[in-house]
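In the UniProt record's numbering, the protein residues as written are 1 to 68.
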């Protein structure tokens, strides 16, 4: 899981997103919120490239308007 979190934090677009990651036997579950659909896709594509990931359940949601 460290490799997945590290990979996500390396991308400046994803650094401040509310993403929770859990891993069980190579299967990754993503939960939380991102700003837009393209960020949701970026998270999935980034995780897919991590060695040892066999599959992903992407439950990330997004909102077009992000309030701070």
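Using N, Cα and C, we set each Cβ at its ideal position, and we do this for glycine too. As the structure is a computational prediction, the values presented were derived from the model and not from experiment.
CB of residue i within 8 angstroms of CB of residue j, strictly
i          : j          : result
residue 57 : residue 30 : yes
residue 12 : residue 35 : no
Sequence-distant residues of the same chain with beta carbon closer than 6 angstroms to residue i, five excluded per side
i          : result
residue 61 : 33
residue 37 : 62
Supposed close pair residue i, residue j - CB separation, criterion 8 angstroms
i          : j          : result
residue 28 : residue 53 : 6 angstroms
residue 4  : residue 50 : 5 angstroms
Where residue i falls, given that 16 or more other Cβ within 10 Å makes a residue buried
i          : result
residue 40 : buried
residue 17 : buried
8 angstroms Cβ shell around residue i - same chain, five flanking residues per side excluded
i          : result
residue 26 : 52, 53, 54 and 55
The ligand SAM heavy atom lying under 7 angstroms from the CB of residue i
i          : result
residue 58 : This structure lacks the ligand SAM; in fact it carries no ligand of any kind.
Identified DSSP bridge partners for residue i
i          : result
residue 55 : 27
Cutoff 7 angstroms; reference residue i; Cβ partners in own chain excluding five residues on either side
i          : result
residue 15 : 9
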